[in-house]
Each structure stands twice: as structure tokens, then as C-alpha cells.
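Student: Following this message is one structure expressed as C-alpha cells.
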Amino acid sequence: MKPKILVTRAVFSEVIDLLAQHFEVESNQADQIYTERELIDKLRGKDGVFTTSSERISAEVMAANVQIKAICNMAVGFNNIDLDAATRAGIMVTNTPEVLNQTTADFAWALMMAAARRVTESEHWLRAGQWQKWRFDTLLGADVHGATLGILGMGRIGQAIARRSLGFDMRVLYHNRSRLPVEKEAHANNATFVSKQELLRSADHLILVLPYSPQTHHTIGAAELALMKPGATLVNIARGGIVDDVALIAALRERRIAAAGLDVFENEPCFHSDFLTLPNVVLTPHIASASEPTRRAMAYCAAENLIAALSGAQPQNIVNPEVKG
Ligand code: DGY
């Protein structure tokens, strides 16, 4: 008998076909959003689950379904899963690192460029019929080339972002839990490790790439925003909750920083509606990894992790290796 799995959200149909070669699959191609109660019920009798970053897999969900052996998330972030509870329950948890590094780094740049050079604001202005004549000071922005790029969280995506700055003649500063080996710094456009305070004070463009956890909650709040340059831009492609959105709205409204580019929000998809009233913020709906090849690669990666986990092998991307297959 094949193991039974649940796929919690709609996904590429060929990935469902692949999973169906190995498992009895309950899929959700209608893309219904399950409540915690529904998730608990759907998981009854299942051996594994293919999740996305939008489902919260709580300790309660796991306690009600102790037979589950693997939770395979189609995302590099896994803060939607109670990892400690999974590890205590002997459930393997996997993510999809590497396959999205370049696409996500590209998107961080897209947001930085759009925010600094006021691209979406310009387009709204033009579409609203406000372009009546050329003026020397129409929609002046900040330069990206030659500026200081700050990166908070210098993992694989942060390093890919830094490498792109070489062609823009930028100085790169970063802060991370630990300093990178010298060769990695050299490969990341000679990135210089600095304190968080120095990073906030010196960056013209600051990109957040750190994982979300209770320890990184509101890493950027009113005090941190107050340290930033008045002409600075802030980009968040990491997770909502790393930035205190209320504090950021105040800083943008009062022009204490120039602009922001945000792909993630607290309580998304129900983000703070005051963002919509601000011209100096570029807003996108959590799509940093959303290129066709990358989302496909992420889906296959999660599926292959699940196939390995339920066949007794160690999945390639296990994040709690203390749980043995
Ligand atoms: C990730 O992979 O963590 C992206 O944010 C998609 O959820």
C-alpha cells in the first residue's frame, strides 16, 4: 500500500503526477484555504504533507496527527512550522533552499531600483494624467550606482544580492549573526562586516534577508528606522514581522526615510491598509521567488524531499537532521 499524503495548496499538476507515482495523494487543486481544524481533519491517516509558507503547521496540528513522518515545505523559510514541536514529535521538516537564490536576489534588486528611482510612483502619476510638461525636478530619486548597499542577513540570498552590486560600483556593508569567511566576503563584492548600528547608519539602500523567528521579530522598528539616513531606501524580501509595519508607515509618511520596497508584510495577505496611502512605497504580494522556472524547481524540490522522507532516506533539505528517517 502506498503512503498517504496531503498537498495543502494548489501546485503544478505535473508535481501532483510525480507524487501520485509514490503516494496516495489528497490534493487541493481548488486551492481552498484550510482552517487549523480542517487541516487537522485532512491530515488524519496521512503519513506526510506537502505545505507552502502560507499554512501554519502548529504543535496542535501535529499533536492531533502523531502518525505524520514528514512536513515538506515549498519555501526556503519554514517559520510557518513549529520546528521544535516537529522535532519533539520525530517529524522531519524540509525546505527548498538554493533553487530560489538567484531569482529572489533579482527581485530584491527590482524592489531596490523601483523604490530608489520611484518607478511605480512615476507610473501612477503618468497614468493619472499628471505629465503635462518636462521639469528639472520631476520625481527625483536616489542613485543606486556608487551608493552604499547594506544587507542584513548574509546567507546565500544576501550574498547573491551583494554579487550583483559589482556592476553598479557599490560599496557593500553587511551584518549577520556571524561574519562570513574572507573568501566569501571577497566573492560578495568585497562585502564588509559591520555592526547592525553601523549598517543602519551607513546604508543608502538596506535590504533585509534574514529568517523570521521570535528573535528576529521587529528587528527593524522605530529606533532602527531613526538611525537610517533620510534619503535611504529599505527593502524587505524576507518575512513580515521582521519589520514593525506601523513604525515603517510612520517613518515613510514623515519622510524620515525616503522609500521602501516591500514584498512581505505582517499578517499578510491582510497587510496594513495605510501602506496604500503612501506614494513612497513599492508593494508586491510575496512574489520574490515567483519566476516560472524557480517556482517549478521549488515544487519539485519539496516533492523530492517528501519522496525521500517517506521511503526511509534522509531528504536532502532536512532542517531538523536530529530526526532520523
Ligand atoms: C520562501 O521560499 O520562503 C518564499 O518566501 C516563498 O514563501
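According to my numbering, the sequence shown is numbered sequentially starting from 1351.
In this text, a Cβ means the ideal position worked out from N, Cα and C, and glycines have one as well.
(1) Fully enclosed by the region 1438-1484, which alpha helix (DSSP H) runs are 4 residues long or longer?
(2) Which residue comes first and which comes last in the alpha helix (DSSP H) that contains ARG1605?
(3) I need the straight-line Cα distance from GLU1388 to MET1442, nearest angstrom please.
(4) Starting from HIS1555, follow the alpha helix (DSSP H) in both directions and report where the run begins and ends.
(5) How far does the beta strand (DSSP E) with THR1498 in it extend, from its first residue to its last?
(6) Taking C-alpha atoms, which residue in ARG1513, ALA1460 and LYS1392 lies nearest to SER1639?
(7) In three-state DSSP terms, what is ILE1592?
(8) For the region 1500-1512 against the region 1446-1462, are there 3 or more C-beta pairs whose distance is under 8 Å?
(9) State yes or no: is the C-beta of LEU1450 nearer than 7 Å to some heavy atom of the ligand DGY?
(10) Can you tell me where the beta strand (DSSP E) with LEU1356 in it begins and where it stops?
(11) How would you call ASP1367, buried or exposed, if buried means at least 16 neighbouring beta carbons within 10 angstroms?
(12) In the DSSP assignment, find the unbroken beta strand (DSSP E) run with TYR1650 in it and report its ends.
(13) Taking contact to mean at least 3 C-beta pairs separated by less than 8 Å, is the region 1408-1427 in contact with the region 1650-1662?
(14) Indicate the three-state DSSP secondary structure (helix, strand or coil) for HIS1495 in the structure shown.
(15) Examine the Cβ distances between the region 1522-1533 and the region 1470-1484 and report whether three or more of them are shorter than 8 Å.
(16) Under a Cβ-count criterion, where at least 16 other Cβ atoms within 10 Å of its own Cβ denotes burial, should CYS1620 be classed as buried or exposed?
Tutor: Here's the rundown:
(1) Secondary structure in the region 1438-1484: the alpha helix (DSSP H) runs of 4 residues or longer, each lying completely within the stretch, are 1451-1466 and 1469-1477 in chain order.
(2) Taking the sequence shown and counting its residues from 1, the one referred to as residue 1605 is at position 255. Careful: ARG1605 lies outside any alpha helix (DSSP H) and carries neither H nor E.
(3) In the sequence shown, the residue the question calls residue 1388 occupies position 38. In the sequence shown, the residue the question calls residue 1442 occupies position 92. Rounded to the nearest angstrom, the two C-alpha atoms are 22 Å apart.
(4) Counting from one through the sequence shown, the residue named residue 1555 turns up at place 205. Unbroken run through HIS1555 is the beta strand (DSSP E), 1555-1558; no alpha helix (DSSP H).
(5) Numbered from its first residue, the sequence shown carries residue 1498 at position 148. Segment 1498-1502, the beta strand (DSSP E) holding THR1498.
(6) Position 289 of the sequence shown, counted from the first residue, corresponds to residue 1639. Taking each of ARG1513, ALA1460 and LYS1392 in turn and checking the Cα distance to SER1639, the smallest one comes out for ALA1460.
(7) Working through the sequence shown from its first residue, we reach residue 1592 at position 242. DSSP places ILE1592 in coil when its eight states are reduced to three.
(8) Counting Cβ pairs under 8 Å, three or more are found: they touch.
(9) Position 100 of the sequence shown, counting from 1, holds the residue named residue 1450. LEU1450 Cβ: within cutoff of the ligand DGY.
(10) The residue you call residue 1356 lines up with position 6 of the sequence shown. Taken as a continuous stretch (DSSP letters only), the beta strand (DSSP E) holding LEU1356 covers 1354-1357.
(11) The sequence position of residue 1367 within the sequence shown is 17, counting from 1. Exposed: under 16 other Cβ atoms inside 10 Å.
(12) Taking the first residue of the sequence shown as 1, we reach residue 1650 at position 300. Per DSSP, TYR1650 belongs to no beta strand (DSSP E); it is in the alpha helix (DSSP H), 1642-1660.
(13) With three or more CB-CB distances shorter than 8 Å, the region 1408-1427 counts as touching the region 1650-1662.
(14) By 1-based counting over the sequence shown, the position of residue 1495 is 145. DSSP places HIS1495 in the coil class of the three-state scheme, outside both helix and strand.
(15) The answer is no - the region 1470-1484 does not touch the region 1522-1533, with fewer than three Cβ pairs under 8 Å.
(16) Residue mapping note: residue 1620 aligns to position 270 of the sequence shown, counting from 1. A residue is called buried when at least 16 other Cβ atoms come within 10 angstroms of its Cβ; CYS1620 does not meet this threshold and is exposed.
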